[in-house]
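Colleague: From first to last, the protein sequence lines stand for chains R and E.
Everything in the first sequence is counted per the working numbering, starting at 1203 for the first residue and increasing by one.
Everything in the second sequence is counted per the working numbering, starting at -6 for the first residue and increasing by one.
Glycine residues also receive a C-beta, built at the ideal position from the N, C-alpha and C atoms.
Before I ask anything, let me first share the structure, which is written out below as structure tokens.
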Amino acid sequence: MRHIISVLMENEAGALSRVAGLFSARGYNIESLTVAVTEDETLSRMTIVTSGSDAIIEQITKQLNKLIDVAAVMDLSDGSHLERELMLLKLRAEGCAREELKRMADIFGGRVIDVTATTYVIELTGASSKLDAFIEAIDRDLILETVRTGASGIGRGDRILKL
Amino acid sequence: MELTGAEIAIRCLQEEGVEYLFGYPGGAVLHIYDALFQQDKVKHVLVRHEQAAIHAADGYARSSEKVGVALVTSGPGLTNAVTGIATAYMDSIPMVVLSGQVPSYAIGEDAFQEVDAVGITRPCVKHNFLIKHVADIAPTIKKAFYLAKSGRPGPVLIDIPKDISNQKTEFIYPGSVHIRSYNPVGKGDSAQIRHAAQMLLEAKRPMIYAGGGVVLGDASAQLTDLVRLLGAPCTNTLMGLGGFPASDTQFVGMLGMHGTYEANMAMQYCDVLVAVGARFDDRVIGNVAHFAEVPRKIIHIDIDPSSIAKRVKVDLPIVGNVKLVLEELLTVLRGTKQKPDALALTDWWKQIETWRVKGGGLRYANSSEVIKPQYVIETLHEITRGDAFVTSDVGQHQMWAAQYYRFDKPRRWINSGGLGTMGFGLPAAMGVQLINPGATVACVTGEGSIQMNIQELSTCKQFHLPIKVVALNNRYLGMVRQWQQFFHGDRYSESYMDALPDFVKIAEAYGHVGIRVDSPADVKPAMQEAFARKNELVFMDFRTDSTENVFPMVPGGKGLSEVILAEDL
């Protein structure tokens, strides 16, 4: 099952490699991993999307907690949460496809942020599944480049991960 | 007064009460060696290979309650140390390793003797640091010692660039340390502990399975009290030997791949199992699915939550310091009127006795023609009155030492359990002998293992370490040969040790005493002579039966009850 795990960690050199190394050394999946500094510049917030049985996910959270630089871990999938990912798509946009692609972008709440005579760059934000759906909905042959950030997640309401 | 980074590093070690530092100099640590030269509180032990420095610090830590400390140079110094660091990591040994690094301005330029020490050691340390500023040296060393010995212990590496070890700053050693993202547990959950007590009192077939955590956590006394109070059988893992006295009638022997039949069967068929500071690893319970086929309740006490429910499902987890949890469990058990079910226990012990008879205990057929390795270990036990520190290398000799040297005290059995590092025994014995001067220290080894760090005979000479090397020389990499016999159709691929050196001459060349023993009748006299030489290292080369195998054996991937006994072959 897919899980989205939030990690609050010391903003130290090498902290990211400790997490990435842990996943590869123990053979855990990483679907995506995003990390950036928080409002407190000594702390980084990481979102990891992974998958595995309940036992594997339990081990992943325990092993993450065991890293000295990791201050807090929360499996967002345990409760109500929000998830967003940013995707930039460069598409071949010529002839009748130009209008069709613009319309699809509008339907999905995306924006065209770069236009040339033959290409569009579309920016789309949403849950990862919505980005997948957009890719499914358009003609694949038109895709020149796909750039996705990986999911970032946050708990709803009172579910707060903070020191 | 301002001190250099190197001087600060040495002052920090003094503050931590470090008596011995095991190391090997090189370009990147010249400033640190210079600082070391100008003081006499921390004594340096010059090894002959960096791997041995780490193993020596490891043996020092395992046989005491102290943190082992080593110092190596950059590049090959560090990479040579990695096997030792990984060995300590797998067995949770508290250790601080200082490594030199190329100057900070040269990092990343493929400088001479540059290697990414933090990157290479990351998967095999509890934590590591690269020093960026001279002012960070003292607080980082303080943190390193705290991390190494608190919680689940482990090795911590500090990589110090050469230029920073020569920069100056004010020396202030922090009085205390706080790491906000690291909060090791202490007491266990009281409700869980009361629940555990209830389960144990209601058990019909209780079993206590104790590992290295009991030794590292200095909880042997509490474990012993618990076993006696419950009247239950107790087994120790390879790492836990000595955690419960082997001569006690409630001890059913070591468990696992080469454990006793009764220990393994009791693990399989108990109804309530308490795991204390142990981690159900593959060499202990074999096939996990097979183990899970028989229903039993499992209580797991461990300081590391990630050890719990990693390989087997646990009914009652208790995360905490093993000693504190056992103390609280004992208080609860002593405070209740309910007693263990004596009738059920009588039946359970009858069953265990049946298994003991079927398994044949650790009987072996002794011989007057050829030296049996088991006999050598039994004689070692007799001559040293079971009171020696015994280090070992890895292989058949390690298993025979574990089986036949019945350890009654913790911290006496020093071996590489998790990583299984050949070449561990002799350098580990050096650390053991230094921290336990006057104690009898024996290194049980094989002709294969000893050659992986035999150069340390030189260090032993320099530092007057009267270790007794007990080499079980069967001319084979015995454990490899055994597996090839059992599982690879007698095809002994590269397991024969041809062109062996004359170990007596080797010992003599290094300035020690060597004794070669070919006949069973000479085993005891030779050992008596060797151990009578209190101030000399004696290398005993026992020419043992080359085809002897270690029994019982649970083959890899099999269940605990699917055991091969000696008479099965």
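Judging by CA-CA distance, which residue of E:I447, E:A432 and E:T433 is the nearest neighbour of G439 (chain E)?
Modeller: The candidate whose alpha carbon is nearest that of G439 (chain E) is E:I447.
Colleague: If you follow the beta strand (DSSP E) that T1236 (chain R) is in, where does it begin and where does it stop?
Modeller: Residues S1234 to V1239.
Colleague: Which residues, taken in chain order from the segment 175 to 201 of chain E, show a beta carbon closer than 9 Å to some beta carbon of chain R?
Modeller: Within the segment 175 to 201 of chain E, the residues whose Cβ lies closer than 9 Å to some Cβ of chain R are Y175, listed in chain order.
Colleague: Got a sec, what are the start and stop residues for the alpha helix (DSSP H) F382 (chain E) sits in?
Modeller: F382 (chain E) -> not in any alpha helix (DSSP H); beta strand (DSSP E) instead, spanning F382 to S385.
Colleague: Pick helix, strand or coil for H457 (chain E), following the three-state DSSP scheme.
Modeller: It is coil, neither helix nor strand.
Colleague: Is K36 (chain E) helix, strand or coil when you go by DSSP?
Modeller: K36 (chain E): strand per DSSP, three-state reduction.
Colleague: What residues in its chain sit with their C-beta under 7 Å from that of P96 (chain E), if we drop five residues either side in the sequence?
Modeller: Answer for P96 (chain E): P154, K155 and D156, listed in chain order.
Colleague: For S299 (chain E), go through chain R and note every residue whose CB falls closer than 7 Å to its CB, in chain order.
Modeller: Neighbours of S299 (chain E) on chain R, chain order: Q1261, K1264, Q1265 and K1268.
Colleague: What would DSSP say about E532 (chain E), mapped onto helix, strand or coil?
Modeller: For the sequence presented, residue 532 (chain E) should be read as Phe rather than Glu. The answer is strand: DSSP assigns F532 (chain E) an E or B state.
Colleague: Would you please verify whether the beta carbon of A1227 (chain R) is less than 8 Å from any beta carbon of chain E?
Modeller: Taking Cβ atoms only, chain E reaches closer than 8 Å to A1227 (chain R), which makes this a yes.
Colleague: So is Y489 (chain E) buried or exposed if we call it buried at 16+ other beta carbons inside 10 Å?
Modeller: Looking at its Cβ environment, which holds fewer than 16 other Cβ atoms inside 10 Å, Y489 (chain E) is exposed.
Colleague: Rounded to whole angstroms, what's the CA-CA distance from L323 (chain E) to Q215 (chain E)? Just pull it up for me.
Modeller: Looking at the two C-alpha atoms, the distance is approximately 8 Å.
Colleague: Does the contact criterion of 3 or more C-beta pairs under 8 Å hold for the segment 507 to 521 of chain E versus the segment 540 to 552 of chain E?
Modeller: Touching, no.
Colleague: Can you name, in chain order, every residue of its own chain whose Cβ lies under 8 Å from the Cβ of I3 (chain E), other than the five neighbours on each side?
Modeller: Taken in chain order, the residues that qualify are I25, A28, L29, Q32 and V35.
Colleague: Mind checking the segment 1230 to 1253 of chain R against chain E and listing, in chain order, the residues whose C-beta falls within less than 7 Å of any C-beta there?
Modeller: Answer in chain order: no residues at all.
Colleague: Under 7 Å Cβ to Cβ from A21 (chain E), same chain only, skipping five residues before and after it: list those, please.
Modeller: Around A21 (chain E): T66, S67, G93, Q94, V95, Q106 and K155.
Colleague: What does the Cβ neighbour count give for A525 (chain E), buried or exposed, with the cut at 16 atoms within 10 Å?
Modeller: With fewer than 16 other Cβ atoms within 10 Å, it is exposed.
Colleague: So, with DSSP's three-state summary, where would you put V516 (chain E)?
Modeller: Note: V516 (chain E) maps to helix in three-state DSSP.
Colleague: Please give the ranges of any alpha helix (DSSP H) in the segment 16 to 104 of chain E, keeping only runs that are unbroken, at least 4 residues long and fully inside the region.
Modeller: Taking only runs of at least 4 residues, the alpha helix (DSSP H) segments lying wholly in the segment 16 to 104 of chain E are 23 to 30, 43 to 55 and 69 to 83.
Colleague: Is M1289 (chain R) helix, strand or coil when you go by DSSP?
Modeller: If DSSP states are grouped into helix, strand and coil, M1289 (chain R) belongs with the strands.
Colleague: Among residues of its own chain, excluding the 5 on either side of S1255 (chain R), which ones have a beta-carbon nearer than 8 Å to its beta-carbon?
Modeller: If we look at S1255 (chain R) and ignore the five residues flanking it on each side, its Cβ neighbours are M1203.
Colleague: Which residue or residues does DSSP assign as beta-bridge partners of R1294 (chain R)?
Modeller: In DSSP, R1294 (chain R) forms a bridge with R:T1321.
Colleague: Tell me which residues of the segment 298 to 327 of chain E have at least one Cβ-Cβ distance to chain R shorter than 7 Å, keeping chain order.
Modeller: From the segment 298 to 327 of chain E, only P298, S299, A302 and K303 have a Cβ closer than 7 Å to chain R.
Colleague: Any Cβ of chain E within less than 8 Å of the Cβ of D1341 (chain R)?
Modeller: Answer no: the Cβ-Cβ gap between D1341 (chain R) and chain E never drops below 8 Å.
Colleague: Would DSSP call I428 (chain E) helix, strand or coil?
Modeller: In this structure, I428 (chain E) counts as helix in the three-state DSSP scheme.
Colleague: State buried or exposed for K330 (chain E), treating a residue as buried only when at least 16 other CB atoms are found within 10 Å of its CB.
Modeller: So K330 (chain E) counts as exposed.
Colleague: At a Cβ cut of 9 Å, what residues of the segment 1329 to 1360 of chain R count as close to chain E, listed as they run along the chain?
Modeller: Listed by position, the residues of the segment 1329 to 1360 of chain R near chain E (Cβ gap below 9 Å) amount to none.
Colleague: Spatial neighbours of T72 (chain E) within its chain, please: CB distance less than 8 Å, with the 5 preceding and 5 following residues excluded, ordered by chain position.
Modeller: Closer than 8 Å at Cβ, skipping near neighbours: V108 and I113.
Colleague: Is D1271 (chain R) near A1217 (chain R), with beta carbons less than 8 Å apart?
Modeller: Taking 8 Å as the Cβ cut-off, D1271 (chain R) and A1217 (chain R) qualify as a contacting pair.
Colleague: Give me the subset of the segment 84 to 116 of chain E whose CB atoms are less than 9 Å from a CB atom of chain R, sorted by chain position.
Modeller: Residues passing the 9 Å Cβ filter: V111, G112, R115 and P116.
Colleague: If you check the beta carbons only, do Y1330 (chain R) and A1353 (chain R) fall under 8 Å apart?
Modeller: According to the sequence displayed, residue 1330 (chain R) carries Ser and not Tyr. It is a contact, given that the beta carbons lie within the stated cut-off.
Colleague: Looking only at C-alpha atoms, which of E:R187, E:N466 and E:G352 sits nearest to L319 (chain E)?
Modeller: The option with the nearest alpha carbon to L319 (chain E) is E:R187.
Colleague: Would H457 (chain E) count as contacting chain R if we go by Cβ distances under 8 Å?
Modeller: Chain R, which has no Cβ nearer than 8 Å to the Cβ of H457 (chain E), makes this no.
Colleague: Residues of the segment 1207 to 1223 of chain R with a CB closer than 8 Å to any CB of chain E: list them in chain order, please.
Modeller: Answer in chain order: M1211, E1212, A1215, G1216, S1219, R1220 and G1223.
Colleague: For R57 (chain E) and K1264 (chain R), which I take to be in contact (beta-carbon distance under 8 Å), what is that distance rounded to the nearest angstrom?
Modeller: Rather than Arg, the amino acid found at residue 57 (chain E) in this sequence is Ser. Their Cβ separation, rounded to whole angstroms, is 30 Å, which puts S57 (chain E) and K1264 (chain R) out of contact at 8 Å.
Colleague: For L(-4) (chain E), report the span of its beta strand (DSSP E) as first-last.
Modeller: From DSSP, the beta strand (DSSP E) with L(-4) (chain E) extends over E(-5) to T(-3).
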